[in-house]
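This is the structure:
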(Lines of atoms letter the chains of each structure in order from A and count residues from 1; the text may use other names and numbers.)
(Lines give C-alpha, C1' and ligand atoms only; values in the text may rest on other atoms or scores of the structure.)
Protein backbone atom coordinates (compact mmCIF):
# COMPACT_ATOMS: atom_id res chain seq x y z
CA UNK A 1 0.00 0.00 0.00
CA UNK A 2 1.27 3.45 -0.98
CA UNK A 3 0.12 6.82 0.25
CA UNK A 4 0.02 10.02 -1.80
CA UNK A 5 -0.44 13.53 -0.38
CA UNK A 6 -2.35 16.11 -2.41
CA UNK A 7 -2.11 19.87 -1.78
CA UNK A 8 -5.65 21.15 -2.32
CA UNK A 9 -7.79 23.84 -0.72
CA UNK A 10 -11.09 22.60 -2.13
CA UNK A 11 -10.73 18.81 -2.31
CA UNK A 12 -11.35 18.87 -6.06
CA UNK A 13 -8.26 20.33 -7.72
CA UNK A 14 -4.52 20.15 -7.01
CA UNK A 15 -4.34 23.91 -6.46
CA UNK A 16 -1.86 24.64 -3.67
CA UNK A 17 1.81 25.59 -3.62
CA UNK A 18 3.63 23.11 -1.37
CA UNK A 19 4.99 25.71 1.04
CA UNK A 20 1.73 27.64 1.28
CA UNK A 21 -0.78 24.84 1.72
CA UNK A 22 -2.70 24.51 4.97
CA UNK A 23 -3.78 20.93 4.35
CA UNK A 24 -2.97 17.72 2.55
CA UNK A 25 -5.50 15.17 1.40
CA UNK A 26 -4.03 11.70 1.87
CA UNK A 27 -4.93 8.93 -0.55
CA UNK A 28 -4.14 5.23 -0.38
CA UNK A 29 -3.08 3.61 -3.65
CA UNK A 30 -3.23 -0.14 -3.99
CA UNK A 31 -3.60 -2.44 -6.99
CA UNK A 32 -4.37 0.42 -9.39
CA UNK A 33 -7.12 1.84 -7.16
CA UNK A 34 -6.99 4.93 -4.97
CA UNK A 35 -9.20 6.01 -2.11
CA UNK A 36 -9.28 8.97 0.24
CA UNK A 37 -7.91 8.20 3.71
CA UNK A 38 -7.74 11.46 5.66
CA UNK A 39 -7.16 15.18 5.77
CA UNK A 40 -3.98 16.39 7.50
CA UNK A 41 -3.62 20.03 8.45
CA UNK A 42 -0.35 21.92 8.57
CA UNK A 43 1.01 25.42 9.07
CA UNK A 44 2.31 27.02 5.86
CA UNK A 45 6.09 27.40 5.71
CA UNK A 46 6.04 30.21 3.15
CA UNK A 47 4.79 33.77 3.54
CA UNK A 48 5.42 35.99 0.55
CA UNK A 49 8.99 35.35 -0.58
CA UNK A 50 10.17 34.14 2.83
CA UNK A 51 9.99 30.68 4.33
CA UNK A 52 10.51 29.19 7.75
CA UNK A 53 12.84 26.17 7.82
CA UNK A 54 11.27 24.78 11.00
CA UNK A 55 7.78 24.93 9.51
CA UNK A 56 9.09 23.34 6.30
CA UNK A 57 10.41 20.39 8.30
CA UNK A 58 7.04 20.12 10.10
CA UNK A 59 5.20 20.08 6.76
CA UNK A 60 7.44 17.33 5.45
CA UNK A 61 6.99 15.34 8.65
CA UNK A 62 3.20 15.62 8.20
CA UNK A 63 3.47 13.60 4.97
CA UNK A 64 6.54 11.50 5.82
CA UNK A 65 4.63 8.24 5.30
CA UNK A 66 3.74 9.22 1.71
CA UNK A 67 5.61 8.20 -1.43
CA UNK A 68 4.65 11.33 -3.34
CA UNK A 69 3.05 14.75 -3.03
CA UNK A 70 1.00 16.33 -5.82
CA UNK A 71 1.14 20.14 -5.90
CA UNK A 72 0.42 23.12 -8.14
CA UNK A 73 3.86 24.67 -7.43
CA UNK A 74 6.96 23.90 -5.40
CA UNK A 75 10.42 25.39 -5.04
CA UNK A 76 13.70 23.59 -5.68
CA UNK A 77 14.69 23.69 -2.00
CA UNK A 78 11.47 22.02 -0.85
CA UNK A 79 11.77 19.45 -3.65
CA UNK A 80 15.29 18.56 -2.48
CA UNK A 81 14.18 18.29 1.17
CA UNK A 82 11.31 15.99 0.18
CA UNK A 83 13.57 13.79 -1.95
CA UNK A 84 15.98 13.46 0.98
CA UNK A 85 13.05 11.93 2.91
CA UNK A 86 12.11 9.64 0.01
CA UNK A 87 9.10 11.69 -1.14
CA UNK A 88 8.76 12.73 -4.79
CA UNK A 89 6.98 15.97 -5.68
CA UNK A 90 4.89 16.25 -8.84
CA UNK A 91 3.62 19.56 -10.22
CA UNK A 92 0.24 18.62 -11.66
CA UNK A 93 -2.39 21.38 -11.21
CA UNK A 94 -5.45 19.53 -12.49
CA UNK A 95 -8.48 17.77 -10.97
CA UNK A 96 -7.39 15.42 -8.18
CA UNK A 97 -8.93 12.34 -9.83
CA UNK A 98 -7.03 13.04 -13.05
CA UNK A 99 -3.83 13.84 -11.15
CA UNK A 100 -3.94 10.58 -9.20
CA UNK A 101 -4.61 8.57 -12.36
CA UNK A 102 -1.72 10.32 -14.16
CA UNK A 103 0.60 9.70 -11.19
CA UNK A 104 -0.36 6.01 -11.08
CA UNK A 105 0.37 5.72 -14.82
CA UNK A 106 3.76 7.45 -14.42
CA UNK A 107 4.61 5.02 -11.60
CA UNK A 108 3.38 1.98 -13.54
CA UNK A 109 0.57 1.35 -11.04
CA UNK A 110 -2.45 1.86 -13.31
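Numbering (our numbering), first residue to last: 965 to 1074. By construction, the Cβ of each residue, glycine as well, lies at the ideal position given by its N, Cα and C atoms. Small disclaimer: the values here were computed from a predicted structure and weren't measured.
query, result
"Taking residue 1052 as part of the beta strand (DSSP E), name the residues at either end of that continuous run.", "1052 to 1055"
"Could you tell me which whole beta strand (DSSP E) segments of length 3 or greater appear in the stretch 977 to 1053?", "987 to 994, 997 to 1005 and 1032 to 1035"
"Kindly indicate which three-state DSSP category residue 966 falls into: helix, strand or coil?", "strand"
"Would you identify the three-state DSSP class for residue 1074, choosing helix, strand or coil?", "coil"
"Might you give, ordered along the chain, the residues of its own chain that have their beta carbon closer than 8 Å to the beta carbon of residue 994, omitting 5 neighbours on each side?", "965 and 966"
"With 16 as the cutoff for other CB atoms within 10 Å, does residue 985 come out buried or exposed?", "buried"
"Which residues in the same chain have their Cβ closer than 7 Å to the Cβ of residue 1040, if we skip the five residues on either side of it in sequence?", "none"
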